[in-house]
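Just so we're aligned: the sequence shown equals residues 7 to 594 in our numbering.
One structure is given here, and the rest of the page talks about it.
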Amino acid sequence: MSHTLPLALSALTPGSSSPALSRSSLSRGAVAPFTLAASGFPAYPTASRLPLVPALAGPPKDADELTPAAVPLDVEAALHGEPLRIMVVASEGVPFVKTGGLADVIGALPRALRRLGHDVRVFLPRYSSIDPVRWQLETVATGLCVPMDQSTEPVDVLRAPAAPATASGSDGPGRDVPFYFIDSAHYLQREKPYGYPDDGERFILFCRGALEYARSVGWAPDIIHCHDWHTAIIPNWTRTIYRDDPCFKDSATVFTIHNLAYQGIFGYRILEVAGVAQEGFLFPEVPEFANVVDLMGRGILFSDVVSTVSPRYAREILTSDFGERLDPILRERRDHLYGILNGVDTEEFDPATDPHIARNYDAFSLDDRPANKRALQQQMRLPVDESIPLIGIISRLTDQKGFDLLDQVAIPLIEQGIQLVVAGTGDQHYHTMFQRLAARYPTQVSINLTFGQEISQRIYAGSDMILMPSRFEPCGLTQMLAMRYGSIPIVHAVGGLADTVQEFDPAANSGNGFRFASPDAFQLPFHLFAAVVRALEAYRFPDPWRDLMQRAMLADYSWDASAEQYVALYRRAHELHQLGKPRAAAAE
């Protein structure tokens with residue numbers, strides 16, 4: 007039997023589980039039914055194929071049923087305290103090395119903290135791609151002996167006295183954050199940051215080297231801020247090896263989860279390398295972790311506070327759906343768990359000054375923006391027509407980013423008459439998928455298998471909408487950058503996407519984008535399709551759409567507000583660390 011769906015906005019309301027053909031949509035003459043079967047849209051499974059045995063009861067799966075139980079942060083009081091010494095340890099950071107959003111955080115948050123008056127120092131590995139000549143790095147230590155696997159390994163330490171100015175050319179306050187690089191020819195000088203059999207040993211050496219250098223110069227940080235599994239061993243060390251060290255005994259640890267899916271799982275040998283083998287495996291009650299070392303889990307367990315990169319993601323990871331098997335441990339530590347939304351670099355990404363786009367503009371000169379759409383259409387060899395809705399995708403092309411959902415509705419979406427511009431790399435399956443779409447629809451689809459600042463910012467400035475159908479998204483920067491440039495986000499309402507994008511309400515003229523969600527995974531492709539159609543219908547009305555663009559562009563997603571929350575988080579971590587010391591001593 008054939009199924010049909012109307013394409014009118016009124017027939018595809020948010021959250022509807024089935025389409026309904028309304029009289030209003032018929033009267034507008036906007037309905038053009040299409041056949042799902044003919045368009046390749048998958049049929050829902052029949053009732054006879056559903057599981058006969060009900061699913062076993064487990065922990066709550068709805069992120070709204072759980073919430074971190076931590077004491078609220080007092081931001082106002084935190085800003086009046088003494089300046090903090092903050093040691094930031096991470097595996098990547100712009101402008102030196104980047105593979106994902108973590109690098110953007112490390113490039114921007116320390117500068118925002120510095121503007122607030124704190125002493126911030128950032129430590130990164132010195133990969134081969136980080137050229138000391140290009141970045142004018144100076145050597146500040148040579149042959150520093152770092153304990154490793156019952157022996158020592160020599161490392162050098164290099165420093166960039168100030169974070170180099172980015173494309174904005176600004177050398178103002180906050181640019182003078184020192185970056186330190188731990189250098190080991192054998193372990194760290196690799197072309198890629200990750201993906202080697204000895205990654206565990208590599209990052210243990212890096213972390214230990216960062217701590218040993220701080221000790222050698224007598225710099226005692228108040229806060230050690232660790233990011234993702236690569237630095238998760240540090241909170242373990244501050245509770246064991248460095249517990250009584252004069253340099254670190256008063257240092258509180260903050261462990262930030264950027265993506266829980268990457269956990270750093272190794273065998274028992276890594277504990278010997280790290281010097282904590284006497285503790286053994288920490289999670290014998292969890293079958294998946296009974297005989298492996300999960301470094302992410304250790305960071306969660308030993309740190310004074312745990313944070314994620316959005317409030318919604320902090321709730322989601324407490325559930326079995328998003329917890330990546332660490333949800334039981336996270337629920338145990340929910341009174342130390344916080345979610346702070348990432349910001350964006352408003353100097354680097356500013357359509358009023360961006361040198362990469364065809365014409366500069368701001369929220370009050372939107373008449374200049376269409377020149378960027380025309381330039382993008384020309385560059386992508388698509389018909390130049392301002393009336394055609396142009397949807398952009400800037401993403402890693404992977405399952406996590408929801409492209410399996412788009413795969414199921416891509417053809418009927420393109421047949422609505424849109425143009426689609428894609429920039430990104432990832433799984434070969436999705437490379438092929440988009441290449442086939444471009445071959446079938448050469449005047450509507452342009453695929454660019456590359457990542458780059460220039461092409462990304464041209465898509466932000468030239469597209470009408472940005473599509474992000476992610477299965478999960480801890481924070482997401484693309485939707486915030488798109489809004490800053492006036493491109494309206496269409497997102498799956500998960501993680502940071504749910505925190506930053508509110509559904510457009512044409513009656514109230516409110517909201518800043520379009521969202522889709524469904525508790526039924528089988529219906530997600532339909533709701534993705536419906537959200538795009540709602541956006542296309544709204545695009546037909548220029549005045550409300552212009553208001554929508556202005557609201558999106560005027561929202562404040564800068565790092566300044568987030569940095570203030572991090573200062574409050576640091577002070578909370580320090581308070582908990584001081585409270586925990588007497589308890590640890592009593593337990594001995």
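We put the beta carbon where it would ideally sit given N, CA and C, even for glycine.
For Q556, the uninterrupted alpha helix (DSSP H) segment begins and ends at P548 to L560. Beta-bridge annotation (DSSP): N366 is not paired with any residue. Distances from the alpha-carbon of F532 to those of P203, T314, G201 and L412 put L412 closest. DSSP places A166 in the strand class (E or B) of the three-state scheme. Distance from G408 to P357 at the Cβ level is roughly 27 Å; contact not present, criterion being Cβ atoms closer than 8 Å.
Q425: member of the beta strand (DSSP E) spanning Q425 to A429, first to last residue. Taken through DSSP and simplified to helix, strand or coil, F209 comes out as helix.
A contact between stretches requires three or more CB pairs, one per stretch, nearer than 8 Å, and the segment 273-284 fails this requirement with the segment 524-542. Taking a C-beta distance under 8 Å as the contact criterion, I465 and L332 do not qualify as a contact pair. Of the candidates F520, S564 and D566, F520 places its Cα closest to the Cα of W551. The C-alpha of G270 is placed about 7 Å away from the C-alpha of H236.
The alpha-carbon of L301 is positioned some 19 Å away from that of P153.
Scanning D327, T259 and P227 for the CA closest to the CA of V500 turns up D327. Partner residues in the beta bridge of F187, as assigned by DSSP, are L130 and L164. Look at V103 here: in three-state DSSP terms it is strand.
Here F370 is exposed: its Cβ has fewer than 16 other Cβ atoms, across all protein chains shown, within 10 Å.
Setting aside the 5 residues that flank it on each side, D125 is surrounded in the same chain by P89, L90, R91 and I92, each with a C-beta closer than 8 Å to its C-beta; the list follows chain order.
Contact between I494 and T484 fails: their C-beta atoms lie close to 12 Å from each other, not under 8 Å. Put simply, the backbone Cα of D205 is about 27 Å away from that of V183. As DSSP reads the structure, A147 sits in a beta bridge with V163. By the Cβ criterion, the segment 359-378 is not in contact with the segment 442-451, since fewer than three pairs of Cβ atoms, one from each stretch, lie closer than 8 Å. Beta-bridge partners assigned by DSSP to P153: T158.
Annotation for A320: P74, T314, L343, Y344 and G345 place their beta carbon closer than 7 Å to its own, counting only its chain and skipping 5 residues before and after. Assigned with DSSP and collapsed to three states, V390 falls in coil, not helix or strand. The Cβ-Cβ distance between L164 and S190 does not fall below 8 Å.
For S462, there is no enclosing beta strand (DSSP E); the residue is part of the alpha helix (DSSP H) that begins and ends at Q459 to G468. Your pair G305 and F254 does not check out as a contact, with CB atoms roughly 16 Å apart and the cut at 8 Å. Nearest to A216 by alpha-carbon distance, out of Y186, H437, F522 and P138, is Y186. Separation of the CB atoms of L347 and D505 is rounded to 6 Å, and the pair is thereby assigned contact status at 8 Å. T259: member of the beta strand (DSSP E) spanning A258 to I263, first to last residue. Between the C-alpha atoms of A488 and D433 there is a straight-line separation of about 24 Å.
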